[in-house]
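What follows is a short report on a single structure.
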């Protein structure tokens, strides 16, 4: 939990301001900035399967520590680099570091929490969101001084995490050499897990929707206010609301859903809330519809509902991945899962960005929000179908007595 909090603090104190640093002080062209960010994203999303496989073969703690050390090196290189090749190497290193520790962290948590996985992932998300909330605030203070200082401090955070995990985190026993199959055989085993692959495909829509806090909602804030201080304030408000909802509501909501509906039904309900999140913007997409105050209120209502849908879904989603993996090669399953949804996010963002432009050009401002709602409903229907077919019923749904006893 502390490790993930530190990871997000260190990452988000730097990454939101990287594009401005590259385009501003370093004077790089927009396409180069896009290339650097794209390399970082691909080296993480595209390499999750590698990281998950290594974690299953050599143990979770070594990969968590290795990822922290590699990100320390990447951020230090970024602090002292001003040439494109060095910056690309630094970006690739920071991305691959995430591919090393992310599957390992989740697999370690799943293994260590046993029957309390859902509760553990709920608490995990509180630490996760708290790091996202605090990181940019700390980074904003340092960026105003010097971006290189921000890089150095972020590197120190990851160096401290590496030492902490190396000295304090109990090792999770790795499989012996005799228990390991060849890597290709293990990958074939994961790729032949049809319920898992169908679940990952069904969840792509959910990730496309939740990623809109970085794309469509900031674009909407800009459309409502113009490129000025108000735009920045609205975007900040979106992230503050998302973080506070997660921190304050995650554990209580997860417990309430688990007691009343169980894991798979709670997952479907969370997806439905996520789909409904864009309805306020469908009804009040512009300042001219019901006035600027209502338009801003609709934007904040969407951010709130999106955060609620996310915290309702996340613990049960993570639990479902472990269940579908049948507690075997869990980190590899997490790695492939993240790669699949990462490709979906890329495609979804391209379409969402284009739909936003078309909506503005054609004078149909509700077009994107209706499309996103439809994507969410499709994702919920797909997961409901998997549940109805018995593919998400790998273990007994907890009753209220069982949940209370383990809470």
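Numbering (full-length UniProt numbering), first residue to last: 1 to 407. For glycine and all other residues, C-beta sits at the position ideal for the given N, C-alpha and C.
Own chain, CB closer than 7 Å to residue 359, minus 5 neighbours either side, in chain order: Here residue 359 refers to the residue found at position 359 when the chain shown is read from its first residue. Excluding sequence neighbours, residue 359 sits near 365, 367, 368.
Quick test of the definition: if touching needs 3 or more C-beta pairs under 8 Å, does the stretch 301-311 touch the stretch 260-280? Contact holds: three or more Cβ-Cβ distances are below 8 Å.
Short of 6 Å in beta carbon distance, which residues of its chain neighbour residue 193, apart from the five on each side in sequence? Order them along the chain. On the chain shown, position 193 is the one that residue 193 refers to. Closer than 6 Å at Cβ, skipping near neighbours: no residue.
Between the C-alpha atoms of residue 346 and residue 78, what's the straight-line distance to the nearest angstrom? As a working note, residue 346 is residue 346 in the chain shown. As a working note, residue 78 is residue 78 in the chain shown. So the alpha carbons of these two residues sit roughly 25 Å apart.
In chain order, what residues of the same chain lie with their CB nearer than 8 Å to the CB of residue 21, ignoring the 5 residues before and after it? In the chain shown, the residue the question calls residue 21 occupies position 21. Correct list, in chain order: 143, 147.
Counting only the same chain and skipping the five closest in sequence on each side, list residues whose C-beta sits under 7 Å from that of residue 46. Locating residue 46 in the chain shown gives position 46, counting from the first residue. Around residue 46: 339.
Cβ neighbours of residue 122 in the same chain (closer than 6 Å, five flanking residues each side left out): Here residue 122 refers to the residue found at position 122 when the chain shown is read from its first residue. So the qualifying residues of the chain are 250, 251, 254, 315.
Runs of alpha helix (DSSP H) wholly within the stretch 42-69 (minimum 4 residues, chain order): If only complete runs of 4 or more residues are kept, the stretch 42-69 shows the alpha helix (DSSP H) at 48-58, in order along the chain.
Check residue 225 in the structure and name its three-state DSSP category. Indexing the chain shown from 1 puts residue 225 at position 225. Residue state, collapsed to three classes: helix.
Does the pairing of the stretch 107-127 with the stretch 311-330 give three or more beta-carbon distances under 8 Å? Two segments are said to touch when three or more pairs of C-beta atoms, one from each, lie closer than 8 Å; by this definition the stretch 107-127 touches the stretch 311-330.
Counting C-beta neighbours from all protein chains within 10 Å, is the total for residue 83 16 or more, i.e. buried, or is it exposed? Translated into the one-based positions of the chain shown, residue 83 becomes position 83. So residue 83 counts as exposed.
Distance, Cα to Cα, residue 33 vs residue 224? Residue numbering aside, residue 33 sits at position 33 when the chain shown is read from its first letter. Residue numbering aside, residue 224 sits at position 224 when the chain shown is read from its first letter. Cα to Cα, the separation comes out at about 26 Å.
From what residue to what residue does the alpha helix (DSSP H) around residue 413 run? Any property of residue 413 remains undetermined from this structure, which presents the chain solely from 1 to 407.
With C-beta atoms as the reference, is residue 375 less than 8 Å away from residue 268? The count along the chain shown starts at 1 and reaches residue 375 at position 375. The count along the chain shown starts at 1 and reaches residue 268 at position 268. Against a cut-off of 8 Å, the Cβ pair of residue 268 and residue 375 comes out as no contact.
Environment of residue 242 [buried if 16+ CB atoms lie within 10 Å]: One-based indexing of the chain shown puts residue 242 at position 242. Note on residue 242: 16 or more other CB atoms within 10 angstroms of its CB, so buried under the neighbour-count rule.
Going by DSSP in three states, residue 112 sits in which element: helix, strand or coil? Numbered from 1 along the chain shown, position 112 holds the residue referred to as residue 112. Residue 112: helix per DSSP, three-state reduction.
Alpha carbons only, please: which of 301, 184, 246 is nearest the one belonging to residue 57? Taking the chain shown and counting its residues from 1, one reaches residue 57 at position 57. Per the Cα distances, 184.
Whole angstroms are fine: how far does the CA of residue 25 sit from the CA of residue 68? Taking the chain shown and counting its residues from 1, one reaches residue 68 at position 68. Taking the chain shown and counting its residues from 1, one reaches residue 25 at position 25. In a straight line, the C-alpha of residue 68 is about 28 Å away from that of residue 25.
So is residue 319 buried or exposed if we call it buried at 16+ other beta carbons inside 10 Å? Here residue 319 corresponds to residue number 319 of the chain shown, with the count starting at 1. It counts as buried.
CB-CB length for residue 88 against residue 39, believed under 8 Å: Working through the chain shown from its first residue, we reach residue 88 at position 88. Working through the chain shown from its first residue, we reach residue 39 at position 39. Confirmed, about 6 Å.
Helix, strand or coil at residue 181 according to DSSP, with G and I counted as helix: Working through the chain shown from its first residue, we reach residue 181 at position 181. Looking at residue 181 - three-state DSSP - the assignment turns out to be coil, as it is neither helix nor strand.
Does the distance from the CB of residue 75 to the CB of residue 158 come in under 8 Å? Position 75 of the chain shown, counting from 1, holds the residue named residue 75. Position 158 of the chain shown, counting from 1, holds the residue named residue 158. Yes, the pair counts as a contact, with Cβ atoms nearer than the cut-off.
With a Cβ-Cβ cutoff of 8 Å, do residue 107 and residue 334 count as a contact? Your numbering for residue 107 matches position 107 in the chain shown. Your numbering for residue 334 matches position 334 in the chain shown. Yes; because the gap between Cβ atoms is below 8 Å, this pair is in contact.
Short check: CB of residue 380 to CB of residue 271, under 8 Å? Start at 1 with the first residue of the chain shown, and residue 380 comes out as number 380. Start at 1 with the first residue of the chain shown, and residue 271 comes out as number 271. Yes, these two residues count as a Cβ contact at 8 Å.
Could you tell me the alpha carbon to alpha carbon distance between residue 404 and residue 113, rounded to whole angstroms? Taking the chain shown and counting its residues from 1, the one referred to as residue 404 is at position 404. Taking the chain shown and counting its residues from 1, the one referred to as residue 113 is at position 113. With a pLDDT of 34 at residue 404, under the threshold of 50, the predicted position of this residue should be treated as unreliable, though the coordinate-derived value follows. Taken atom to atom, the span from the alpha-carbon of residue 404 to that of residue 113 is near 16 Å.
Can you give me the start and stop residues for the alpha helix (DSSP H) that residue 319 sits inside? Along the chain shown, one-based indexing puts residue 319 at 319. In the DSSP assignment, residue 319 falls within the unbroken alpha helix (DSSP H) covering 292-324.
I need the straight-line Cα distance from residue 44 to residue 52, nearest angstrom please. On the chain shown, residue 44 is found 44 positions in, with the first residue counted as 1. On the chain shown, residue 52 is found 52 positions in, with the first residue counted as 1. The straight-line gap from Cα to Cα measures roughly 12 Å.
If we count the other Cβ atoms within 10 Å of its Cβ and call it buried at 16 or more, is residue 167 buried or exposed? As a position in the chain shown, residue 167 is number 167, starting the count at 1. It is exposed - the Cβ of residue 167 has fewer than 16 other Cβ atoms within 10 Å.
Can you give me the Cβ contacts of residue 342 inside the same chain, cut-off strictly under 6 Å, excluding the 5 residues immediately before and after it? Position 342 of the chain shown holds residue 342. Once the five neighbours on either side are set aside, the close Cβ partners of residue 342 are 45.
I need the DSSP call for residue 214, collapsed to helix, strand or coil. As a position in the chain shown, residue 214 is number 214, starting the count at 1. The answer is coil: DSSP assigns residue 214 none of H, G, I, E or B.
In the structure shown, what three-state DSSP assignment does residue 350 receive? Here residue 350 refers to the residue found at position 350 of the chain shown. In the structure shown, residue 350 sits in a helix (DSSP, three-state: H, G or I).
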